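Visitor: Residue numbers (this note's numbering), protein chains in the order written: chain A, 200 to 320; chain B, 200 to 320.
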């Protein structure tokens with residue numbers, strides 16, 4: 200299992216939570232969990248990398264799976280360590296959309312973010 | 200003092216937190232508090248509208264005032280009810296920048312937000 204170092208500190212960034220009326224939320228924590236599951240092939244390992252209990256990681260995935268028409272994560276059999284988990288096509292799509300929304304928002308807001316930063320102490 | 204009804208429910212929206220490395224954060228709660236202070240001219244009343252204790256509202260404003268070069272909120276004297284509070288020009292600028300960043304991000308992400316919404320249950 201690969202351990203990923205923490206992302207490099209950025210001068211400023213946007214943390215975006217998508218709030219869907221009555222349907223739940225999708226934010227940076229869930230996105231990071233999905234990304235790590237895709238990379239390490241295990242919910243437990245992904246949660247561990249984020250300092251999250253197995254129970255908490257599972258709860259977040261169950262929330263996501265219940266929120267969308269199709270599950271975003273599913274268990275897979277086999278492999279050297281027994282069962283694991285992977286993103287479904289829907290999971291990959293949701294993660295890609297989320298990342299794109301954040302990237303577009305950062306690009307669109309860059310000038311105003313700089314203006315606000317100039318007002319900081 | 201005017202009471203403002205809760206904003207109408209939206210089908211989806213972006214909740215954006217600006218994370219400034221080492222300098223703090225600016226998100227929807229602080230923005231709403233600033234907006235309500237501008238409108239009701241009182242930190243206590245603004246906090247009350249948000250179901251927030253006076254202490255908590257003050258703490259948030261002190262955090263904001265310490266975060267920027269110039270205070271965002273200042274006490275004012277006089278008026279029928281005695282002292283109140285108002286946004287400084289810096290406070291008005293920060294609030295306007297924040298609102299513009301959110302609006303731009305929503306506009307930029309509209310298509311992808313719709314695509315994600317289509318995947319919801």
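Backbone N, C-alpha and C fix where the C-beta goes; we use that ideal spot for every residue, glycine too. Small disclaimer: the values here were computed from a predicted structure and weren't measured.
Measuring only the C-alpha atoms, how far is residue 294(B) from residue 241(A)?
Guide: Numbered from 1 along the second chain, position 95 holds the residue referred to as residue 294(B). Numbered from 1 along the first chain, position 42 holds the residue referred to as residue 241(A). Distance between the alpha carbons of residue 294(B) and residue 241(A) is about 42 Å.
Visitor: Take the Cβ of residue 258(A) as the centre, count every other Cβ of all protein chains shown within 10 Å, and call the residue buried at 16 or more, exposed below.
Guide: The residue given as residue 258(A) occupies position 59 in the first chain. Residue 258(A) comes out exposed.
Visitor: Could you pull out every unbroken alpha helix (DSSP H) segment of at least 4 residues lying fully inside the region 204-261 of chain A, listed in chain order?
Guide: Correct list: 227-239, 242-248.
Visitor: If you check the beta carbons only, do residue 268(A) and residue 289(A) fall under 9 Å apart?
Guide: Along the first chain, one-based indexing puts residue 268(A) at 69. Along the first chain, one-based indexing puts residue 289(A) at 90. Yes.
Visitor: Name, please, each residue of chain B whose Cβ falls closer than 7 Å to the Cβ of residue 308(A).
Guide: On the first chain, residue 308(A) is found 109 positions in, with the first residue counted as 1. In chain order: 300, 303, 304.
Visitor: Take residue 229(A) and list the residues in its own chain whose beta-carbon comes closer than 7 Å to its own, dropping the five residues that flank it on each side.
Guide: The count along the first chain starts at 1 and reaches residue 229(A) at position 30. 259, 263.
Visitor: Count the other CB atoms within 10 Å of the CB of residue 274(A); is the residue buried (16 or more) or exposed (fewer)?
Guide: Reading the first chain from its first residue, position 75 is the one you call residue 274(A). The residue in question, residue 274(A), is exposed, as its Cβ has fewer than 16 Cβ neighbours within 10 Å.
Visitor: Would a check of beta-carbon distances place residue 254(B) closer than 9 Å to chain A?
Guide: In the second chain, residue 254(B) corresponds to position 55, counting from 1. Output row for residue 254(B): interface = no.
Visitor: When you compare only the Cα positions, how much space is there between residue 218(A) and residue 236(B)?
Guide: As a working mapping, residue 218(A) is identified with position 19 in the first chain. As a working mapping, residue 236(B) is identified with position 37 in the second chain. Each residue's alpha carbon lies about 25 Å from the other.
Visitor: Classify residue 209(B): buried if its beta carbon has 16 or more other beta carbons within 10 angstroms, exposed otherwise.
Guide: Indexing the second chain from 1 puts residue 209(B) at position 10. Low per-residue confidence applies at residue 209(B): pLDDT is 49, beneath 50, and the placement is therefore not dependable, though the value from the model is reported in the following sentence. Exposed, by the Cβ-count rule.
Visitor: Can you name, in chain order, every residue of its own chain whose Cβ lies under 6 Å from the Cβ of residue 283(A), other than the five neighbours on each side?
Guide: Translated into positions along the first chain, residue 283(A) becomes position 84. 240, 241, 275.
Visitor: Got a sec, what are the start and stop residues for the alpha helix (DSSP H) residue 292(B) sits in?
Guide: Start at 1 with the first residue of the second chain, and residue 292(B) comes out as number 93. Residues 288-316.
Visitor: For residue 268(A), write down the residues that DSSP places opposite it in a beta bridge.
Guide: Here residue 268(A) is taken as the residue at index 69 of the first chain, counted from 1. DSSP lists no partner for residue 268(A).
Visitor: Quick check: residue 303(A) and residue 308(B), are their CB atoms within less than 9 Å of each other?
Guide: By 1-based counting over the first chain, the position of residue 303(A) is 104. By 1-based counting over the second chain, the position of residue 308(B) is 109. Taking 9 Å as the Cβ cut-off, residue 303(A) and residue 308(B) qualify as a contacting pair.
Visitor: Using a beta-carbon distance below 9 Å, is residue 321(B) in contact with chain A?
Guide: Since the first residue shown for chain B is 200 and the last is 320, residue 321(B) is missing from the structure and cannot be characterised.
Visitor: Take residue 226(A) as the anchor and find which of 233(A), 220(A), 216(A), 232(A) has the nearest alpha-carbon.
Guide: By one-based count along the first chain, residue 226(A) stands at place 27. Considering only alpha carbons, the answer is 216(A).
Visitor: Counting only Cβ pairs nearer than 9 Å, list the residues of chain A close to residue 319(B).
Guide: Translated into positions along the second chain, residue 319(B) becomes position 120. By Cβ distance, chain A contributes 219, 222, 223, 266, 267, 268.
Visitor: Spatial neighbours of residue 231(B) within its chain, please: C-beta separation below 8 Å, excluding the five flanking residues on both sides.
Guide: Along the second chain, one-based indexing puts residue 231(B) at 32. Cβ neighbours of residue 231(B) beyond the five flanking positions: 249.
Visitor: Quick check on residue 293(A) - is its C-beta less than 9 Å from some C-beta in chain B?
Guide: Working through the first chain from its first residue, we reach residue 293(A) at position 94. It does: the Cβ of residue 293(A) has a partner Cβ on chain B nearer than 9 Å.
Visitor: Whose Cβ in chain A lies nearer than 9 Å to the Cβ of residue 258(B)?
Guide: On the second chain, position 59 is the one that residue 258(B) refers to. Per Cβ cutoff of 9 Å: no residues; residue 258(B) is ~18 Å from chain A at best.
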